[in-house]
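With our numbering, letter number 121 in the sequence shown gets 376, and the count goes up by one each step, no holes.
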Amino acid sequence: MDVTLSKRGSYAAAAAICLARAYPAGRPRKLREISAEMDIPRTYVSQILGDLVHAGIATSSAGRDGGHRLARPPEEVSVAEVIEAAEGPLASERCALGDGPCRWQAVCPLHETITTATASMRQVLALTTLAMLAERDAAIACGTYPVPADAHPHAAAVPIADTVQIELPAAVIAARLTTGISWLTTHAEACDTEELRIRVGPGWPGKTVAVHLGQPAEADGDLAIPLVWEASGPAGVFPRFEGELRLSPLDPERSELRLSGGYRPPPGKAGQALSNTLLARLARATLRSFLRRIAAGLEREHTGLGTATQKVST
Numbered sequence: 256m257d258v259t260l261s262k263r264g265s266y267a268a269a270a271a272i273c274l275a276r277a278y279p280a281g282r283p284r285k286l287r288e289i290s291a292e293m294d295i296p297r298t299y300v301s302q303i304l305g306d307l308v309h310a311g312i313a314t315s316s317a318g319r320d321g322g323h324r325l326a327r328p329p330e331e332v333s334v335a336e337v338i339e340a341a342e343g344p345l346a347s348e349r350c351a352l353g354d355g356p357c358r359w360q361a362v363c364p365l366h367e368t369i370t371t372a373t374a375s376m377r378q379v380l381a382l383t384t385l386a387m388l389a390e391r392d393a394a395i396a397c398g399t400y401p402v403p404a405d406a407h408p409h410a411a412a413v414p415i416a417d418t419v420q421i422e423l424p425a426a427v428i429a430a431r432l433t434t435g436i437s438w439l440t441t442h443a444e445a446c447d448t449e450e451l452r453i454r455v456g457p458g459w460p461g462k463t464v465a466v467h468l469g470q471p472a473e474a475d476g477d478l479a480i481p482l483v484w485e486a487s488g489p490a491g492v493f494p495r496f497e498g499e500l501r502l503s504p505l506d507p508e509r510s511e512l513r514l515s516g517g518y519r520p521p522p523g524k525a526g527q528a529l530s531n532t533l534l535a536r537l538a539r540a541t542l543r544s545f546l547r548r549i550a551a552g553l554e555r556e557h558t559g560l561g562t563a564t565q566k567v568s569t
């Protein structure tokens with residue numbers, strides 16, 4: 256008996272967790288950010304957030320500074336509410352031993368048992384809050400959450416990193432990095448309000464990567480920007496990359512950009528198209544190409560002459 260959520264239900268839970276994580280900062284999340292961070296297809300994310308808004312779990316606002324946020328603190332939103340917003344009421348609609356709804360004139364022997372079991376499951380979900388899920392999610396991301404004995408195996412993320420030195424002061428680069436997507440538009444193949452698309456190589460010939468940038472923040476004296484990229488075009492062999500772009504000053508005239516994170520092969524048959532060794536090699540080549548393009552573009556933009564000096568550390 257499969258009691259897992261439908262795709263719609265799982266996407267709703269993921270989107271709600273994303274909003275719960277962002278709630279303390281008080282900043283609305285854009286659809287593209289939720290899609291990228293929680294791996295929700297772009298074709299679904301607006302529908303899913305619409306379900307949460309309709310149920311009174313989230314609110315939405317338009318404009319440049321708009322987006323979605325929780326309508327209440329995460330501690331006051333239950334998982335049952337989120338699931339029912341997408342799946343409908345958690346109740347048995349059919350007789351356990353028959354083909355239609357239960358009727359007292361022809362009630363089946365399993366009626367009370369199934370009803371009690373369903374009510375118990377809903378009670379557990381009602382007692383679990385989004386705050387609890389957000390806390391678990393953070394522990395899982397840090398590797399401190401114990402893996403349940405019945406957990407399904409997933410492909411492990413492969414850590415990759417690259418650095419590049421730029422002949423510019425950190426303050427000059429930070430001023431560009433904090434302007435959002437616009438600082439990359441001159442180096443992009445196409446750009447719109449939702450995402451940036453950059454053709455990369457040589458690791459993934461002919462591939463265009465959709466780049467999603469998070470909110471810049473100070474981290475140990477450096478500037479750190481969350482970054483996610485996903486390949487567009489036919490589904491197949493590109494792993495999803497999720498990491499951080501970090502700016503560090505080297506001296507008054509030089510800075511270092513470091514892009515680090517991990518990739519996971521695509522699920523199912525698509526992830527079996529290439530070996531993990533080849534996937535890792537191609538992902539690292541793409542990372543290097545992307546980072547060098549950023550560095551060279553920033554120098555050209557500022558001086559019209561400079562050429563970035565690359566230093567790889569994978």
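Cβ coordinates follow ideal geometry from the N, Cα and C atoms, glycine included.
- Item | Cβ neighbours of P428 in the same chain (closer than 7 angstroms, five flanking residues each side left out) | The residue asked about is misnamed: residue 428 is Ile in this sequence, not Pro. Cβ neighbours of I428 beyond the five flanking positions: I421, L502, S510, L553.
- Starting from R319, trace the alpha helix (DSSP H) both ways and give me its first and last residue. Run containing R319: none; DSSP gives neither H nor E here.
- Contact under 8 angstroms by Cβ, H323 with S315: Yes, Cβ-Cβ distance for H323 and S315 is below 8 angstroms.
- Message: Beta-carbon within less than 7 angstroms of G523's beta-carbon, same chain only, minus the 5 sequence neighbours each way: which residues are those?
- Response: Interpretation of G523 is limited by its pLDDT of 49, a score under 50 that renders its predicted location unreliable; no figure is taken from the coordinates.
- Expected contact under 8 angstroms - CB spacing of P507 and P424 to nearest Å: About 6 angstroms; that satisfies the 8 angstroms criterion.
- Query: When the Cα atoms are used, what is the spatial distance from E331 to A540?
  - Reply: Looking at the two C-alpha atoms, the distance is approximately 45 angstroms.
- In or out: P364 buried (at least 16 other Cβ within 10 Å) or exposed? Exposed, by the Cβ-count rule.
- Message: Here's the rule I'm using: 16 or more other beta-carbon atoms within 10 Å means buried, otherwise exposed. How should I375 be labelled?
- Response: Reading off the sequence shown, one finds Ser at residue 375, where the question assumed Ile. Per the 10 Å Cβ criterion, exposed.
- Residue of K262, Q302, D320, S261 minimising C-alpha distance to R284: Of the listed residues, the one whose Cα sits closest to R284 is D320.
- Three-way DSSP call (helix, strand, coil) for Q470 in this model: In this structure, Q470 counts as coil in the three-state DSSP scheme.
- Contact check, G498 vs L514, beta carbons under 8 angstroms: Inclusion of G498 and L514 in the CB contact set at 8 angstroms is warranted, their separation being smaller than that value.
- Item | Beta carbon of R297 nearer than 8 angstroms to that of S290 | Against a cut-off of 8 angstroms, the Cβ pair of S290 and R297 comes out as a contact.
- Task: Check the DSSP bridge columns for A540 and list the partner residues they point to.
- Result: Bridge partners of A540: none, in fact.
- Task: Quick one: using the 10 Å Cβ neighbour count with 16 as the cut-off for buried, is T434 buried or exposed?
- Result: Flag for T434 reads exposed.
- Query: How many whole angstroms separate the CB atoms of Y238 and L325, which I take to be in contact at a CB cut-off of 8 angstroms?
  - Reply: It is not possible to answer for residue 238, since the shown part of the chain is limited to 256 through 569.
- CB contact flag (I572, A386, <8 angstroms): In this structure the chain extends from 256 to 569, so residue 572 is not present and cannot be described.
- Distance, Cα to Cα, I549 vs G469? In a straight line, the C-alpha of I549 is about 16 angstroms away from that of G469.
- Message: Less than 7 angstroms between C-beta atoms, sequence neighbours within five positions excluded: which residues of the same chain meet that for L432?
- Response: The answer, listed in chain order, is W438, P471, L478, I480, L502.
- Message: Can you tell me whether P414 is buried or exposed? The criterion is at least 16 other CB atoms within 10 Å of its CB, across all chains shown.
- Response: Exposure of P414 is indicated by the presence of fewer than 16 other C-beta atoms within 10 angstroms of its C-beta.
- DSSP-derived helix/strand/coil call for I415: Strand, per DSSP.
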